[in-house]
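In the numbering used here, the protein residues as written are 1 to 501.
Don't be surprised by glycine CBs; every beta carbon is placed ideally from N, CA and C.
Shown next, in structure tokens, is the structure this report addresses.
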Ligand code: HEM
């Protein structure tokens with residue numbers, strides 16, 4: 001009897017000792033974390049909170065209102081570096097344009113690699129181009145040059161025009177029954193269909209709706225908890241991605257067959273297939289192989305394109321509508337240019353778009369004034385010296401602020417002024433070091449020419465095919481992070497041009 005009591009006392013004691021041990025270790029770790037942040041911040045002489053919540057840091061404040069959070073952080077040092085602490089990690093917010101360029105140019109397994117989302121590799125696949133670096137990445141990007149030639153961009157414009165016109169028509173019809181429409185959703189649908197049609201149009205065909213619903217499932221995972229368990233958004237996204245890649249693999253097989261039979265490229269995939277087939281032949285003659293030429297790898301890369309082309313373009317389409325509705329004087333000048341260049345609403349061509357000087361100025365200014373991808377977050381892979389005082393500690397987050405750069409140098413930077421991009425003022429060239437909307441360095445956006453053309457095509461068509469009006473609310477001037485930036489609302493009504501003249 002006495003022995004049993006002794007045993008249970010022992011058990012109780014050892015159980016509690018384990019608990020006590022774990023608790024002490026946890027407290028020590030949290031203390032160490034805080035002290036490490038404190039000493040690093042002090043030695044680096046950086047502005048930022050001195051102490052933050054253990055482990056969580058400022059994450060709650062950040063999730064509650066990301067725009068306010070990052071704006072407050074930016075104001076700590078509008079052209080420099082400031083510190084914070086997020087989910088157990090030292091975080092540097094970098095606003096100085098020269099430092100942002102230095103970070104984005106310094107891409108390697110020992111310095112900085114993109115940090116998208118805790119589950120990004122599960123959602124997008126570990127081979128996603130954004131995570132690549134070194135010679136393999138360089139070789140793949142070289143192959144993409146064939147996708148954005150004048151000829152290719154001209155073929156895409158015809159496809160873009162067809163899609164944009166059909167969506168404008170739909171918006172006009174919908175507004176006859178119900179208005180206003182929240183345009184961020186409608187721009188997302190437009191952009192998704194444009195990308196599918198331009199990238200792999202003839203090969204997705206009947207399965208377009210399925211494709212869209214899988215795509216939306218995958219994107220939802222980016223704003224969900226990183227929990228991989230049957231039924232969670234991450235779980236669903238993982239399997240939806242597999243279905244998308246399988247469908248695209250089939251598209252690659254068909255495109256290879258079509259191009260090998262001497263077909264003329266009809267979409268971005270065809271242009272790439274044409275180039276890859278040439279590369280495979282050249283490599284075979286030199287006894288090499290092409291790492292990305294197999295059907296699965298090509299399908300995965302097409303998927304990377306679809307994702308990379310989505311969010312930022314959707315945000316820019318929404319900003320185009322919002323800013324044009326808010327600046328009728330600018331819209332009028334766009335319409336005048338369109339009337340002059342396309343008096344009978346002639347179909348778009350590469351040459352026509354090239355001559356749309358003012359419309360292009362407006363698009364460039366939209367991209368500078370509201371750069372949709374406001375940050376390109378990076379993981380520090382080692383201790384990396386940044387300035388004389390600051391060494392970025394291994395394991396920290398680095399947030400190069402594209403938006404801050406776009407506001408540096410430009411006179412009256414906070415004013416929406418498309419004339420700054422005119423051939424006379426050329427601020428896009430004068431301050432190109434700060435105009436970093438598409439990033440810089442080894443990962444600079446491969447689709448920038450296409451993205452600009454897409455926005456010009458959209459603005460050219462929306463300004464000539466319909467009249468639109470924005471319904472303002474108290475929130476209309478607020479900005480939200482999703483995680484690209486959007487106007488908090490963009491409620492609009494569309495009417496066909498001929499119906500209101
Ligand atoms: C307004 C629209 C767009 C904006 C603002 C934008 C911006 C960006 C930015 C900031 C990056 C990261 C650059 C860096 O890390 O330095 C990027 C990468 C990328 N973008 Fe875009 N993008 C847009 C549209 C597109 C489109 C339409 C495509 C495809 C046709 C595309 C394809 C890509 C790809 C593939 C990458 C990854 C490149 C790599 O990692 O090597 N983007 N983009």
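- By the Cβ rule, the stretch 187 to 203 counts as touching the stretch 298 to 306, because three or more pairs are nearer than 8 angstroms.
- Its Cα nearest to that of residue 217, the residue 242 stands out among 180, 152, 242 and 46.
- Take the alpha-carbon of residue 375 and the one of residue 99: they are about 13 angstroms apart.
- By the Cβ-count criterion, residue 410 is buried, with 16 or more other Cβ atoms from all chains shown falling within 10 Å of its own Cβ.
- No Cβ-Cβ contact shorter than 9 angstroms links residue 277 with residue 297.
- The stretch 52 to 130 is shown to contain whole beta strand (DSSP E) runs of 3 or more residues at 81 to 86, 89 to 94 and 112 to 114, in chain order.
- Within the same chain, Cβ atoms closer than 8 angstroms to the Cβ of residue 181 are found at 171, 174, 175, 491, 492, 493 and 494, the five residues on either side in sequence being excluded.
- Residue burial annotation: residue 23 is exposed, with fewer than 16 other C-beta atoms found within 10 angstroms of its C-beta.
- Taking 9 angstroms as the cut-off, the Cβ atoms of residue 30 and residue 51 do not count as close.
- With a threshold of 8 angstroms, the Cβ atom of residue 43 does not count as near the ligand HEM, since no heavy atom of the ligand is closer than that.
- In this structure, DSSP gives residue 451 a helical state, which the three-state scheme calls helix.
- Under the three-state reduction of DSSP output, residue 175 falls in the helix class.
- In the three-state reduction of the DSSP assignment, residue 37 falls in the helix class.
- In the DSSP assignment, the residues bridged to residue 401 are 375.
- In the displayed model, residue 183 falls within a helix according to three-state DSSP.
- Residue pairing from DSSP places residue 493 in a beta bridge opposite 469.
- A direct Cα-to-Cα measurement between residue 104 and residue 280 gives close to 31 angstroms.
- If the five residues before and after residue 249 are omitted, its C-beta is found closer than 7 angstroms to the C-beta atoms of 295, 296 and 299, all from its own chain and listed in chain order.
- Collapsing the DSSP output to three states places residue 479 in a strand.
- The criterion of a C-beta distance shorter than 9 angstroms is not satisfied by residue 487 and residue 314.
- Of the other Cβ atoms in all chains shown, 16 or more fall within 10 Å of the Cβ of residue 93; this residue is therefore buried.
- Residue 254 and residue 203 have their C-alpha atoms roughly 7 angstroms apart.
- Just so you know, the alpha carbons of residue 97 and residue 80 end up roughly 8 angstroms apart.
- Here residue 215 carries a helix assignment [DSSP, helix/strand/coil].
- If the five residues before and after residue 402 are omitted, its C-beta is found closer than 8 angstroms to the C-beta atoms of 100, 371, 373, 374, 375, 376, 436, 437 and 439, all from its own chain and listed in chain order.
- Contact between the stretch 412 to 422 and the stretch 70 to 87 is absent: fewer than 3 CB-CB pairs across the two stretches fall below 8 angstroms.
- Nearest in C-alpha terms to residue 110, of all of 383, 429 and 477, is 383.
- By the Cβ criterion, the stretch 157 to 164 is in contact with the stretch 347 to 356, since at least three pairs of Cβ atoms, one from each stretch, lie closer than 8 angstroms.
- In this model, residue 334 and residue 342 are separated by some 12 angstroms (Cα to Cα).
- Following the DSSP letters along the chain, one finds residue 328 inside the alpha helix (DSSP H) bounded by residues 328 to 341.
- DSSP places residue 135 inside the alpha helix (DSSP H), whose first and last residues are 134 to 143.
- DSSP places residue 485 within a strand segment (E or B) once states are collapsed to three.
- Proximity of the beta carbon of residue 305 to the ligand HEM is indicated: a heavy atom of the ligand is located closer than 8 angstroms.
- Excluding its 5 nearest sequence neighbours in each direction, residue 130 has C-beta neighbours in its own chain below 6 angstroms: 114, listed in chain order.
- Per the Cβ contact rule, the stretch 461 to 481 is in contact with the stretch 321 to 338 (3 or more Cβ pairs under 8 angstroms).
- If you draw a straight line from the Cα of residue 425 to the Cα of residue 355, it is about 18 angstroms long.
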